[in-house]
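So the structure is just underneath, and the comments pick up after that.
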Amino acid sequence: MHITVVPASPKTGQAAIRALLADASNPIVRGVYRDLSRVPAEFRSNPRFEAVQGTVEDAATLDFSGSDAVFNITPPLYQEIEIDIVAHARQVSENVKAAVKKAESVRRLVLLTSVGAQYDHGTGEILTNHEAEVVLRDAAPEVVFVRASYFMENWATSLETLPAGYFFTTVTPVDRPLSMIAVQDIGSTCAAEALATGTSLPSNPHIFELHGPREYSSLDVQKAFEEVTGKSVEMRPVEKDGLDDFYAAVFPPKVAKEFTAMNKSFLEGGIMYEDPQPTGEKKYGKTELVEVVKQLLGA
Ligand SMILES: NC(=O)c1ccc[n+]([C@@H]2O[C@H](COP(=O)([O-])OP(=O)(O)OC[C@H]3O[C@@H](n4cnc5c(N)ncnc54)[C@H](OP(=O)(O)O)[C@@H]3O)[C@@H](O)[C@H]2O)c1
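By the count of the UniProt record's numbering, the sequence shown reaches residue 299 at its end, each step adding exactly one.
This is the structure in structure tokens:
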């Protein structure tokens with residue numbers, strides 16, 4: 001099996017490549033990097049891995065020929081001041097679609113998307129995932145959408161404040177359980193879907209949500225930080241009406257607006273909280289939150 005990961009740099013792309021290279025079926029993996037200096041040493045030395053230069057922003061640079069499957073991630077834009085992130089997601093997805101069609105060998109496209117990507121409004125930043133799903137739903141003979149829940153690695157933002165003994169949480173009320181998934185489980189799930197190319201799908205596109213082994217509240221996150229650091233950690237909740245200011249302090253205004261809307265969409269009253277059109281199928285990862293916190297803290 002020959003699998004292309006595009007773009008290869010995001011942490012979920014790296015996790016998928018790691019899972020593919022560890023698979024007993026010995027697939028050949030091609031990673032597409034906009035900057036080849038970003039290829040991790042652990043992949044560079046593997047004879048079944050090839051890094052190529054290309055960017056989803058330019059279809060002419062994407063060559064998927066010889067691949068059976070493509071694993072695609074819509075790259076998040078955190079710092080772009082003027083860009084319309086939904087229009088950008090549409091364009092990069094169109095570019096990937098064109099490259100898949102051009103490479104006649106590609107039988108399956110696996111797209112990492114998000115819970116809530118079924119909605120065309122009310123989800124802020126998740127609209128980029130919606131747009132990618134709209135464009136890519138017929139990109140290949142077999143299409144799989146993996147709608148991931150909240151990444152456990154999002155708590156990496158707490159690394160800045162933990163040395164001072166506190167962390168902020170935007171998941172409120174603080175005892176409200178939320179589905180969270182580890183990036184390594186996203187990588188192994190998407191790798192397995194790519195490796196299953198050629199097997200029949202229950203539907204096409206095949207769409208499922210990816211959750212962790214259990215749900216966690218902000219109180220559970222606090223407990224995990226305390227368990228791993230061995231110290232007491234203060235939790236500072238950011239309530240719904242404080243989200244605009246909270247995100248405006250870390251992102252440019254346009255991006256902050258989308259992240260605020262995304263955050264509100266999964267809080268009480270938001271479209272994902274109400275979930276009028278739930279995704280039918282769910283799959284579950286194995287990694288517990290405390291394991292990810294240990295990795296984040298290097299413990
Ligand atoms: N965070 C969540 O809770 C969550 C939940 C569900 C779904 N998702 C979705 O998961 C995806 C995010 O995955 P992730 O966390 O793995 O991403 P990530 O690690 O944050 O990806 C950032 C990397 O993407 C690369 N990148 C940025 N712009 C690019 C571009 N225009 N072309 C190619 N590469 C570019 C950059 O790498 P280089 O600088 O090295 O090129 C950058 O370091 C998004 O589609 C997001 O919507 C996120």
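Don't be surprised by glycine CBs; every beta carbon is placed ideally from N, CA and C.
> Taking C-beta to C-beta, are residue 106 and residue 43 nearer than 7 Å?
Replying inline: Translated into positions along the sequence shown, residue 106 becomes position 106. Translated into positions along the sequence shown, residue 43 becomes position 43. No, the pair does not count as a contact, with Cβ atoms beyond the cut-off.
> Just how far apart, CA to CA, sit residue 12 and residue 231?
Replying inline: As a working mapping, residue 12 is identified with position 12 in the sequence shown. As a working mapping, residue 231 is identified with position 231 in the sequence shown. Cα to Cα, residue 12 sits roughly 30 Å from residue 231.
> Mind checking whether the beta-carbon of residue 114 lies closer than 6 Å to any heavy atom of ligand 1?
Replying inline: Against the sequence shown, residue 114 aligns to sequence position 114. At least one heavy atom of ligand 1 is nearer than 6 Å to the Cβ of residue 114, so yes.
>> Could you compute how far the alpha carbon of residue 299 sits from the alpha carbon of residue 289?
In response: What you label residue 299 is simply residue 299 of the sequence shown in a count that begins at 1. What you label residue 289 is simply residue 289 of the sequence shown in a count that begins at 1. Near 14 Å, if we compare the C-alpha coordinates of residue 289 and residue 299.
> Hey, is residue 56 close to ligand 1, as in C-beta under 6 Å from one of its heavy atoms?
Replying inline: In the sequence shown, the residue the question calls residue 56 occupies position 56. Correct: residue 56 has its Cβ closer than 6 Å to ligand 1.
> In terms of residue numbering, what span does the alpha helix (DSSP H) encompassing residue 90 cover?
Replying inline: Counting from one through the sequence shown, the residue named residue 90 turns up at place 90. 85-102 is the span of the alpha helix (DSSP H), which, as asked, contains residue 90.
>> Measuring only the C-alpha atoms, how far is residue 16 from residue 139?
In response: Within the sequence shown, the letter at position 16 stands for residue 16. Within the sequence shown, the letter at position 139 stands for residue 139. Each residue's alpha carbon lies about 20 Å from the other.
> Taking 6 Å as the cut-off, is the CB of residue 263 close to at least one heavy atom of ligand 1?
Replying inline: Walking along the sequence shown from the start, residue 263 turns up at place 263. Flag unset: Cβ of residue 263 not near ligand 1.
>> Beta-carbon within less than 6 Å of residue 175's beta-carbon, same chain only, minus the 5 sequence neighbours each way: which residues are those?
In response: Reading the sequence shown from its first residue, position 175 is the one you call residue 175. Cβ within range, chain order: 217, 219.
> So is the beta-carbon of residue 173 under 6 Å away from any non-hydrogen atom of ligand 1?
Replying inline: Walking along the sequence shown from the start, residue 173 turns up at place 173. Residue 173 Cβ: outside cutoff for every heavy atom of ligand 1.
> Opposite residue 73 in the DSSP bridges: which residues?
Replying inline: Looking up residue 73 in the sequence shown gives position 73. Note: residue 73 sits in a beta bridge opposite 112.
> Got a sec, what are the start and stop residues for the alpha helix (DSSP H) residue 253 sits in?
Replying inline: Position 253 of the sequence shown holds residue 253. From DSSP, the alpha helix (DSSP H) with residue 253 extends over 253-265.
> Going by DSSP, what residues sit across from residue 247 in a beta bridge?
Replying inline: The sequence position of residue 247 within the sequence shown is 247, counting from 1. Answer is none; residue 247 lacks a bridge partner.
> Considering only residues of the same chain and omitting the five flanking positions on each side of residue 23, which have a CB-CB separation below 7 Å?
Replying inline: For this step, residue 23 is matched to residue 23 along the sequence shown. Excluding residues within five positions, the ones whose Cβ falls inside 7 Å are 191, 195.
> If residue 85 and residue 128 are in contact, beta carbons under 8 Å, what's the gap, nearest whole angstrom?
Replying inline: Walking along the sequence shown from the start, residue 85 turns up at place 85. Walking along the sequence shown from the start, residue 128 turns up at place 128. 5 Å between Cβ atoms; contact.
>> My output table needs one value for residue 181: the three-state DSSP class, helix, strand or coil.
In response: The sequence position of residue 181 within the sequence shown is 181, counting from 1. In the structure shown, residue 181 sits in a strand (DSSP, three-state: E or B).
> Are at least three pairs of beta-carbons, each pair with one atom in the segment 247-260 and one in the segment 102-122, less than 8 Å apart?
Replying inline: no
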